[in-house]
Each structure stands twice: as structure tokens, then as C-alpha cells.
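This report refers to the structure that appears directly beneath it.
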Amino acid sequence: MLTDMEHTLDIAQSAASADPDVGLRAVAAMRVLTERLEIVQVDNARRLGWSWQDIATRLGVTRQTVHRKHGKRIGSR
Amino acid sequence: MPGHTRSALARALGHARRLARRNVSGEHLMTVLISVLHPRRDPRPARAVLHSCGATVEDVAEEIARRAGPGAVLFGGLDRDALAAIGIDLDAVRARIESSFAPEDLTQAVHRQPRPSGLKGGASALVLLQRAHPDVFDDALRAVISQAQQRKS
């Protein structure tokens, strides 16, 4: 059984998740985080010898898309 | 010499003269660099001054990571509270990533900083690093310029 404090917190969290201000900011932050994690993961995959095609398949995009986005950065190192 | 570089160096010279010194030191360049790092100003002078010292934005990002932890650049400036509200614990994600990758692998995302609200296009990665890491930025920049000048001499 929930205590009064837990019940209050539960309502507060539910309200927060339905608040467009919080929800939209969360989406924006997730988008940036996803972009950055993609860079880390693609760089790592290339260091381990993965082909652009294998990386593209895992990301659900075409080989051209992933190469256009990351090829120049990785190729210049 | 590009106009924006000349104008930055002129400001550094003016600053040095005001302090009655003969030469422009790294400290004067630093002062100018920080003064031009404003999101509504042209970011090119800041980049030009940094490059004239022999340093890059990536050097600054690595120095920030050294001071604030390996994942500082990758996770800096993100809206922690908004993510927590939808169940994403940024600290937990950061801990997992930091334990899986070498520190130098985590600073490459320097050009993918979030744009703070009200900041439109054209902001440099340097400005965004400054906004995301106000507590360590100035010291990191000072250290990078000092190291670059030592390499040059």
C-alpha cells in the first residue's frame, strides 16, 4: 500500500510525463544524446573493422546515409 | 591575415597595452578569446585566436574531459531533469558508457552539443562547450593555450 508521500510523488511524476514542456525537452535531449552515442558507436565499430554496410544495417539506414554522415570525420583521422 | 583574426589580435594588443606590457602573452589572448565567446557574436575570432595559438576545439574538449570526467563532453549540457521525468537516468547511461569506452573515444561528439534555448544557428562548438561546462571551461581553455604555447617555444 502506498504511503501518502509515495502517492504524492507518483502523481507528480505522472503529471510531469504528460507536461508538454518536460516531454518536449526530454525528446530534444534524447535526440542529442542519440546523435552523440551514434558517433561513439560508429567510431568504435569502424575501429573494430566493421564495414559501412554492417553499421548501416544495424542503424536501419542505407550505407550511403551512414557514410555521408560519418565518413568524412572518420576518414580524416 | 583574415579581418576577424586581425581584429582579435588588435583587441589582445590593446588589452596588453592597457596593462603596460610590451608583448601579447597567452594570458592576453585568453582574455580576448573568452570575451568574444558570446553566442550572439561572430564565433570566428575565437576560433582564429585558438588556432593562432596552435590549439583546436578538440584540445579544449579533451581538457574539459580530463577535468570533469571522461563522459563530460558526451553528456554535458543535456536536460537531465527532463530525461529523468521520462525514466532515463543519465548518470546510469554515462556510467555504462564510461566503463565500456576509453576516455579519448568519448570526446569526439564535441560538435554535437545541444543548442541552448534562444541560441540560433552559427554558434561554434567552442561556445556550446562553454555553455555546457561553465565551471571548468575557462581553466581548461587556459591550460590548452598554455600547453600549445609551450609546444611552440
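Heads up: the protein sequence lines correspond to chains L and U, in order.
Numbered according to the numbering used here, the first sequence spans residues 38 to 114.
Numbered according to the numbering used here, the second sequence spans residues 134 to 286.
For every residue, glycine included, the Cβ atom is placed at its ideal position computed from N, Cα and C.
### Task
Check distances from the C-beta atoms of the region 202 to 228 of chain U to those of chain L and list, in chain order, the residues that come in under 9 Å.
206, 207, 208, 210, 211, 212, 213, 214, 215, 216, 217, 218, 219, 220, 221, 223, 226
Going by beta carbon distance, what residues of the same chain come within less than 7 Å of residue 82(L), once the five residues before and after it are set aside?
92
(Q) Between residue 80(L) and chain U, is any beta-carbon pair separated by less than 7 Å? (A) yes
Checklist line | Proximity below 7 Å, CB of residue 188(U) to CB of residue 278(U) | finding: yes
In chain L, which residues lie with their C-beta within 8 Å of the C-beta of residue 234(U)?
77, 81
- prompt: On the three-state DSSP scale, how would you describe residue 76(L)?
  reply: helix
### Residue closest to residue 242(U), alpha-carbon to alpha-carbon, out of 105(L), 79(L), 102(L)
79(L)
By how many angstroms is the C-alpha of residue 86(L) removed from the C-alpha of residue 265(U)?
33 Å
Identify the contact partners of residue 272(U) in chain A, using a Cβ-Cβ distance below 9 Å as the criterion. This model lacks chain A altogether; the protein chains it does include are L and U.
Task: Inter-residue Cα distance where the pair is residue 96(L) and residue 200(U) - done: 33 Å
In whole angstroms, give me the CA-to-CA distance for residue 270(U) and residue 104(L). 33 Å
### Query
Is the beta carbon of residue 272(U) less than 7 Å from the beta carbon of residue 62(L)?
no
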